[in-house]
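Below: the structure, in structure tokens.
In the working numbering, the protein residues as written are 1 to 175.
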């Protein structure tokens, strides 16, 4: 296992950085939060978490813009992050970087997860969702999704003047 303050992120782990809000005036939401067993990001509308092998008790905040520049080392199969002292993190990947941890407290996200039983679940393919988004006008900023039953298509409507609408067929859940 990892020592207390060491962890590795590969390119798939770092993909969740896209969930940060780079232009948000809340600096904390421009950070990646590393805490025991998890990497998490938020932007005020989306929270994304992914399990990682990290045993540290204290959370670490790193600027998302810094992590975006990192490239995996082939031998390490990722970027290895080592906490060097009180505020420095050494990132060893294709290149070596010294990062400063960020000040502040990441929001307590455990309270955000719903605790009620869901009405139903529906699987949606990532590829199909990307196709749906690509079909929208460039100026479309919002989409309404309408769910009926777990076996019915999901309706989508562009919330603009374009009149774009469509259906997303359910995807078989494998879990």
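For every residue, glycine included, the Cβ atom is placed at its ideal position computed from N, Cα and C.
Could you check if residue i is buried or exposed, using at least 16 other CB atoms within 10 Å of its CB as the buried criterion?
i	result
residue 96	exposed
residue 12	exposed
residue 169	exposed
residue 200	Outside the displayed span of the chain (1 to 175) sits residue 200, for which this structure offers no information.
residue 14	buried
residue 32	buried
residue 145	exposed
Please state the DSSP three-state secondary structure of residue i.
i	result
residue 30	helix
residue 123	strand
residue 130	helix
residue 165	strand
residue 91	strand
residue 19	helix
residue 2	The pLDDT assigned to residue 2 is 41, lower than 50, so where the model puts this residue is not dependable; a value taken from the coordinates is nonetheless given after this. Three-state result, residue 2: coil.
Are the CB atoms of residue i and residue j nearer to each other than 8 Å?
i	j	result
residue 76	residue 60	no
residue 136	residue 158	yes
residue 38	residue 51	yes
residue 94	residue 65	no
residue 67	residue 89	no
Which residue comes first and which comes last in the alpha helix (DSSP H) that contains residue i?
i	result
residue 24	Segment: none, residue 24 is in no alpha helix (DSSP H) and carries neither H nor E.
residue 184	This structure does not reach residue 184, given that the chain is present from 1 up to 175, and the question cannot be answered.
The beta strand (DSSP E) with residue i in it runs from where to where?
i	result
residue 158	154 to 158
residue 6	6 to 9
residue 65	No beta strand (DSSP E) holds residue 65; the alpha helix (DSSP H) holding it covers 64 to 68.
residue 173	Segment: none, residue 173 is in no beta strand (DSSP E) and carries neither H nor E.
residue 112	From DSSP, residue 112 is part of no beta strand (DSSP E); its letter is neither H nor E.
residue 42	38 to 42
residue 140	No beta strand (DSSP E) contains residue 140, which DSSP labels as neither H nor E.
residue 149	No beta strand (DSSP E) contains residue 149, which DSSP labels as neither H nor E.
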